[in-house]
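Q:
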Amino acid sequence: MSLAVLVAAALFIGVMAYGLFAGADFGSGFFDLTAGGSARGAELRTQVDHSIGPVWEANHVWLIFVLVTWWTGFPRTFAAATETLFVPLLLALLGIVLRGAAFAFRKYSGSLKQARLFGAVFAGASLISPFFFGTVAGGIASGRVPAEGYGDLWSSWINPTSLFGGVIAVGTCSFLAGAFLTADAHREGHERLAESLRRRTLLVGAVTGLVVFAALVPIQHDAPTLAAGLEGRAAPLVVLSGLAGAATLGLLVRRRYAVARITAVTAVATVLAGWGFGQYPWLLVDQVTIEQGAGADATLVALLVATGLAVVFVLPPLVWLFRFTQQAPTGTSGPHQEEPRAAAVPDGPRPGRRRRLG
Amino acid sequence: MAPSLAALSAALLPLASEPAGLLPAREQMAVSLGWHIILACFGVAFPAMIFVVHRRGVVHDDPVALGLARRWSKVAAVLFAIGAVSGTVLSFEMGLLWPGLMGPFGDVLGLPFAFEGLSFFVEAIFLGLYLYGWDRMPPRRHLLMLLPMAAAGIFGTYCVIAVNAWMNMPTGFRIVDGRVTDVHPWAVLLDSAAVLQFLHMWIGAYMLVGFVVAGVYAAGMLRGRRDAHHRLGFTVPFVFASIASLVQPVVGHVLGMRLGETQPSKLAAFELATHTEQPAPLRLGGLLVDGQARFFLEIPKWGSFIARGSFSKPVRGLDTFAPADRPPVNITHVAFQSMIGIGSLLALAVTVYWVARWRRHDFLATRWFPWFAVAAGPLAVLALESGWIATEVGRQPWTVFGVLRTVNAATDNPGLWWSYAGALLLYLGMTIGAVVVLRSMARRWRAGEEDLPSPYGPSEQGGPGSHRHAADRSDREEVGA
Numbered sequence: 001m002s003l004a005v006l007v008a009a010a011l012f013i014g015v016m017a018y019g020l021f022a023g024a025d026f027g028s029g030f031f032d033l034t035a036g037g038s039a040r041g042a043e044l045r046t047q048v049d050h051s052i053g054p055v056w057e058a059n060h061v062w063l064i065f066v067l068v069t070w071w072t073g074f075p076r077t078f079a080a081a082t083e084t085l086f087v088p089l090l091l092a093l094l095g096i097v098l099r100g101a102a103f104a105f106r107k108y109s110g111s112l113k114q115a116r117l118f119g120a121v122f123a124g125a126s127l128i129s130p131f132f133f134g135t136v137a138g139g140i141a142s143g144r145v146p147a148e149g150y151g152d153l154w155s156s157w158i159n160p161t162s163l164f165g166g167v168i169a170v171g172t173c174s175f176l177a178g179a180f181l182t183a184d185a186h187r188e189g190h191e192r193l194a195e196s197l198r199r200r201t202l203l204v205g206a207v208t209g210l211v212v213f214a215a216l217v218p219i220q221h222d223a224p225t226l227a228a229g230l231e232g233r234a235a236p237l238v239v240l241s242g243l244a245g246a247a248t249l250g251l252l253v254r255r256r257y258a259v260a261r262i263t264a265v266t267a268v269a270t271v272l273a274g275w276g277f278g279q280y281p282w283l284l285v286d287q288v289t290i291e292q293g294a295g296a297d298a299t300l301v302a303l304l305v306a307t308g309l310a311v312v313f314v315l316p317p318l319v320w321l322f323r324f325t326q327q328a329p330t331g332t333s334g335p336h337q338e339e340p341r342a343a344a345v346p347d348g349p350r351p352g353r354r355r356r357l358g
Numbered sequence: 001m002a003p004s005l006a007a008l009s010a011a012l013l014p015l016a017s018e019p020a021g022l023l024p025a026r027e028q029m030a031v032s033l034g035w036h037i038i039l040a041c042f043g044v045a046f047p048a049m050i051f052v053v054h055r056r057g058v059v060h061d062d063p064v065a066l067g068l069a070r071r072w073s074k075v076a077a078v079l080f081a082i083g084a085v086s087g088t089v090l091s092f093e094m095g096l097l098w099p100g101l102m103g104p105f106g107d108v109l110g111l112p113f114a115f116e117g118l119s120f121f122v123e124a125i126f127l128g129l130y131l132y133g134w135d136r137m138p139p140r141r142h143l144l145m146l147l148p149m150a151a152a153g154i155f156g157t158y159c160v161i162a163v164n165a166w167m168n169m170p171t172g173f174r175i176v177d178g179r180v181t182d183v184h185p186w187a188v189l190l191d192s193a194a195v196l197q198f199l200h201m202w203i204g205a206y207m208l209v210g211f212v213v214a215g216v217y218a219a220g221m222l223r224g225r226r227d228a229h230h231r232l233g234f235t236v237p238f239v240f241a242s243i244a245s246l247v248q249p250v251v252g253h254v255l256g257m258r259l260g261e262t263q264p265s266k267l268a269a270f271e272l273a274t275h276t277e278q279p280a281p282l283r284l285g286g287l288l289v290d291g292q293a294r295f296f297l298e299i300p301k302w303g304s305f306i307a308r309g310s311f312s313k314p315v316r317g318l319d320t321f322a323p324a325d326r327p328p329v330n331i332t333h334v335a336f337q338s339m340i341g342i343g344s345l346l347a348l349a350v351t352v353y354w355v356a357r358w359r360r361h362d363f364l365a366t367r368w369f370p371w372f373a374v375a376a377g378p379l380a381v382l383a384l385e386s387g388w389i390a391t392e393v394g395r396q397p398w399t400v401f402g403v404l405r406t407v408n409a410a411t412d413n414p415g416l417w418w419s420y421a422g423a424l425l426l427y428l429g430m431t432i433g434a435v436v437v438l439r440s441m442a443r444r445w446r447a448g449e450e451d452l453p454s455p456y457g458p459s460e461q462g463g464p465g466s467h468r469h470a471a472d473r474s475d476r477e478e479v480g481a
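Sequences listed follow chains F and Y, in order.
First residue of the first sequence: 1, per the numbering used here; consecutive thereafter.
First residue of the second sequence: 1, per the numbering used here; consecutive thereafter.
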């Protein structure tokens with residue numbers, strides 16, 4: 001394996017980690033958005049706060065890793081992509097900013113009215129980002145980013161592959177989030193919530209699975225290079241994805257939530273990996289290969305050193321964070337001991353006065 | 001006719017070749033960097049201040065200090081969240097606004113960003129552990145979560161500043177036949193030039209956060225809240241800010257001394273030097289009007305001493321640079337002197353405060369000093385922003401000094417005004433959101449509510465039926481949003 005391919009592999013592992021972990025955070029926006037009114041949706045929204053609150057920022061950093069590795073390792077392709085896919089990248093960024101800011105604001109809102117506003121922004125923005133990242137992937141995978149940059153500002157991402165990419169991204173993120181939230185709700189003893197999440201995750205999973213396999217038809221014409229890869233080298237991954245997705249649905253039906261998380265991650269990871277293997281050895285499909293797009297060798301070596309250091313310094317605490325937030329006893333800011341407030345009407349009295357001693 | 005047309009089009013060509021996105025790209029970068037830098041300061045300096053009060057709370061079993069740490073960590077949760085996303089904006093903008101920089105030079109300048117990403121990872125992980133760790137972790141271990149966070153913030157700052165130092169003093173590559181070659185990626189990260197610039201920014205971050213946070217508690221004292229909570233909340237950040245204010249002039253001076261060699265055009269703009277003088281005077285105030293320096297106070301020889309470290313060395317004038325290589329003088333000069341002026345004022349003020357305290361005068365008991373302390377927060381922000389404006393505008397017309405002009409770095413995207421307008425709205429919205437939420441947190445804390453549960457918290461679950469109606473209405477609103 002050449003240096004360039006090693007760095008591209010590190011880059012793609014970053015893409016997959018972002019797709020899986022940040023994807024699950026984004027996907028929780030789907031359930032938050034469809035949770036119902038303030039009273040009906042309160043339990044689910046509290047669960048979303050609880051599940052993604054401590055980890056979303058760390059999961060978000062995978063995106064920074066991807067961007068930095070891309071522009072350092074393959075600078076000209078990065079510039080070509082930002083010049084061409086300007087609009088969807090900007091909109092994905094808009095989603096990221098609104099999602100992160102509104103999520104933090106909602107948690108500390110002073111009134112229900114504000115929390116509803118920030119909550120709607122958080123949930124809506126959570127779906128914007130994956131959609132536009134999906135269109136970006138579609139634009140690259142269908143060969144619409146020219147090597148010299150400044151490709152068409154609109155048709156580069158408004159095309160069949162991109163639109164399917166966007167819908168698949170939203171669907172897989174929601175599916176992942178559903179699997180994780182259901183397991184979290186079950187583990188923390190919110191059975192009613194787990195049941196409702198389970199039903200909706202089943203629906204989302206079935207629909208997303210259909211869309212993923214339906215997408216194979218239009219990309220035959222729209223992205224022939226990718227299609228050839230998916231039917232050739234990446235075919236085992238496509239099959240595995242279908243099996244893992246079906247297994248997840250089966251496990252959810254049988255309420256085996258903990259295991260269903262693993263198969264859900266496998267199903268989505270294989271979709272992402274299928275895209276990566278499908279377009280190999282192209283970096284920008286039909287335009288620039290990984291070898292052609294690579295920057296200076298010394299920089300590629302340095303990037304591998306940085307990646308190695310990340311494995312040593314970042315992965316252990318990251319694993320610790322995940323384990324700790326999954327296992328730690330619930331403290332004062334957890335849902336069980338949180339001081340209950342009197343049920344609020346939207347324009348109700350100020351929180352300080354409506355505080356009730358528990 | 002034909003030759004004169006050709007001459008005309010040749011004369012117009014430089015104008016026509018200016019990329020469509022140049023001006024909006026500059027404006028958007030300035031707004032997003034100027035906004036993010038304030039939050040970045042909190043990311044760098046706030047964990048250390050939280051550590052001091054939290055440690056006091058744990059080690060001395062001090063409930064006031066512990067309560068303060070608990071509140072500050074909640075403030076940090078909000079500020080770091082918007083800091084994380086506004087930092088992401090900058091990452092995107094590197095490519096969206098400046099493809100002419102990232103395409104040719106990405107593999108030269110990228111490595112420090114990779115390490116910055118690494119430290120951002122560590123910061124985000126330990127922030128998560130720290131925020132989630134309240135009451136769930138043994139107290140001393142919980143306290144220690146702040147240390148990797150603080151260290152990562154400092155290292156991350158160094159990495160980003162290393163890239164900026166590289167833009168000022170490029171190194172680690174050669175250009176042969178118009179192509180970047182012979183790339184040494186480590187040169188940017190390990191460049192000694194970055195160290196001083198980093199120190200300047202790091203100390204600036206302590207000044208900004210120290211004065212802003214101390215100002216919040218000074219405002220409380222003005223409203224009669226002169227309890228232990230407010231005294232501690234004022235004193236800890238004020239000590240950080242005081243030390244930083246006294247060290248900063250020294251670091252800034254040493255940093256500025258190299259400008260004569262490395263970026264003489266920036267120095268000329270800082271000093272309002274229209275022509276070369278030996279020795280050069282120090283000009284306080286002043287503007288460039290029709291190519292002439294006007295409205296300034298002149299101190300002979302001191303310009304040479306401050307800029308070059310000697311009363312006899314010359315300061316190169318702007319007239320020695322081709323017009324196309326000169327920075328916008330007035331913005332650079334005014335920003336530079338604002339930074340110096342405010343920095344000197346703050347250094348003087350903290351000196352007076354601590355001398356008076358040593359002589360057993362408590363300025364905090366007065367009304368005028370807390371007022372000044374409140375004003376010091378915005379002043380420190382202004383100084384930091386001025387410093388960034390001075391160094392960035394002063395580097396123009398270059399993005400990479402002497403190597404890449406900003407016109408060649410900017411995107412050619414004609415739609416950039418839209419994205420700039422969107423960015424302005426977005427930042428306005430985030431500012432309003434942050435102010436509303438932080439104020440409401442403070443209000444609830446004053447009302448005695450410590451935990452700040454979310455308003456749709458558990459009590460909403462299965463709440464009384466009478467509230468269902470309102471909730472159902474909100475249901476429709478949310479789906480429609």
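Glycine residues also receive a C-beta, built at the ideal position from the N, C-alpha and C atoms.
1. Spatial neighbours of Arg308(Y) within its chain, please: C-beta separation below 6 Å, excluding the five flanking residues on both sides.
2. Candidates Met1(F), Leu44(F), Phe21(F): which alpha carbon is nearest Arg192(F)'s?
3. In whole angstroms, what is the alpha-carbon distance linking Leu111(Y) and Thr289(F)?
4. Flag Thr181(Y) as yes if its beta-carbon sits less than 9 Å from any beta-carbon of chain F, otherwise no.
5. Please classify Phe311(Y) as buried or exposed, where buried requires at least 16 other C-beta atoms within 10 Å of its C-beta.
6. Which residues share a DSSP beta bridge with Leu288(Y)?
7. Rounded to whole angstroms, how far is the Cβ of Thr299(F) from the Cβ of Val183(Y), which I believe are closer than 8 Å?
8. Go ahead and label Trp72(Y) buried or exposed: buried means 16 or more other beta carbons lie within 10 angstroms of its beta carbon, across all protein chains shown.
9. Quick one: which residues of the region 40-54 of chain F get their C-beta closer than 9 Å to a C-beta of chain Y? List them in chain order.
10. What distance in whole Å lies between the Cβ atoms of Phe126(Y) and Ala310(F), which are believed to be in contact at a cut-off of 8 Å?
11. Would you call the CB atoms of Arg99(F) and Ser129(F) closer than 9 Å?
12. Three or more C-beta pairs closer than 8 Å, one from the region 78-94 of chain F and one from the region 32-48 of chain F: is that the case here?
13. Please identify, using Cβ separations under 8 Å, the residues of the region 5-39 of chain F that lie next to chain Y, in order along the chain.
14. When DSSP labels each residue in this structure, what does Ile158(F) get in the three-state scheme?
15. Under a CB-based cut-off of 9 Å, is Phe126(Y) close to chain F?
16. Alpha carbons only, please: which of Thr77(F), Phe65(F), Thr84(F) is nearest the one belonging to Leu87(Y)?
17. Work out the CA separation of His333(Y) and Gly285(Y) for me, nearest whole Å.
18. Quick one: what's Ile299(Y) bridged to in DSSP?
19. At the level of alpha carbons, what is the spacing between Ser419(Y) and Trp35(Y)?
20. Once you ignore the five residues that flank Thr307(F) on each side, which residues in its own chain have a CB closer than 7 Å to its CB?
21. Indicate whether at least one CB of chain Y lies closer than 9 Å to the CB of Ile96(F).
22. Scan the region 85-97 of chain Y for residues whose Cβ lies nearer than 9 Å to a Cβ of chain F and list them as they occur along the chain.
23. Closer than 8 Å by beta-carbon distance: list the chain Y residues that pair up with Gly149(F), in chain order.
24. Anyone know if the C-beta pair for Ala380(Y) and Val212(Y) falls short of 9 Å?
25. Give every residue of the same chain whose Cβ lies closer than 8 Å to the Cβ of Ser155(F), excluding the five residues on either side of it in the sequence, and list them in chain order.
26. Closer than 8 Å, Cβ to Cβ, to anything on chain Y: give me those residues from the region 108-138 of chain F, in chain order.
27. What residue does the alpha helix (DSSP H) around Val311(F) start on, and which one ends it?
28. Is the region 261-276 of chain F touching the region 233-243 of chain F in the sense that three or more CB pairs, one from each, lie closer than 8 Å?
29. Out of Phe42(Y), Gly220(Y), Gln396(Y), Val160(Y), state which residue places its alpha-carbon closest to the alpha-carbon of Ala269(Y).
30. Given this structure, state the Cα-to-Cα distance separating Val64(Y) from Pro139(Y), to the nearest angstrom.
31. Would you identify the three-state DSSP class for Trp398(Y), choosing helix, strand or coil?
32. Just to confirm, is the Cβ distance from Phe175(F) to Ala215(F) under 9 Å?
33. Say whether chain Y places a C-beta atom closer than 9 Å to the C-beta of Glu57(F).
34. From Ala17(F) to Val329(Y), what distance separates their C-alpha atoms?
35. Any C-beta of chain Y sitting closer than 9 Å to the C-beta of Leu153(F)?
36. Kindly list, in the order they appear in chain F, the residues whose Cβ is closer than 8 Å to that of His184(Y).
A: So, to answer that:
1. Once the five neighbours on either side are set aside, the close Cβ partners of Arg308(Y) are Gly260.
2. Leu44(F)
3. Between the alpha carbons of Leu111(Y) and Thr289(F) lies a gap of roughly 22 Å.
4. yes
5. Exposed, since its Cβ has fewer than 16 Cβ neighbours within 10 Å.
6. Ala293(Y), per the DSSP bridge assignment.
7. 6 Å
8. buried
9. Those would be Arg40, Gly41, Ala42, Glu43, Arg45, Thr46, Asp49, Gly53, Pro54, in chain order.
10. Incorrect: roughly 15 Å between the Cβ atoms, too far for contact.
11. Cβ distance < 9 Å, so Arg99(F) and Ser129(F) count as in contact.
12. no
13. Leu33, Thr34, Gly36, Gly37, Ser38, Ala39
14. coil
15. yes
16. The displayed chain sequence assigns Gly, not Leu, to residue 87(Y). If we check each option's Cα against that of Gly87(Y), Phe65(F) comes out closest.
17. Looking at the backbone, the Cα of Gly285(Y) and that of His333(Y) are separated by about 8 Å.
18. Leu282(Y)
19. 16 Å
20. Ala10
21. yes
22. Within the region 85-97 of chain Y, the residues whose Cβ lies closer than 9 Å to some Cβ of chain F are Val85, Ser86, Gly87, Thr88, Val89, Ser91, Phe92, Glu93, Met94, Gly95, Leu96, Leu97, listed in chain order.
23. Pro99, Gly103
24. yes
25. Arg144
26. Tyr108, Ser109, Gly110, Ser111, Leu112, Gln114, Ala115, Arg116, Phe118, Gly119, Ala120, Val121, Ala123, Gly124
27. It spans 297-313 - the alpha helix (DSSP H) in which Val311(F) sits, taken as one unbroken run.
28. yes
29. Gln396(Y)
30. 16 Å
31. strand
32. Contact flag unset, no.
33. yes
34. 47 Å
35. yes
36. Ala298
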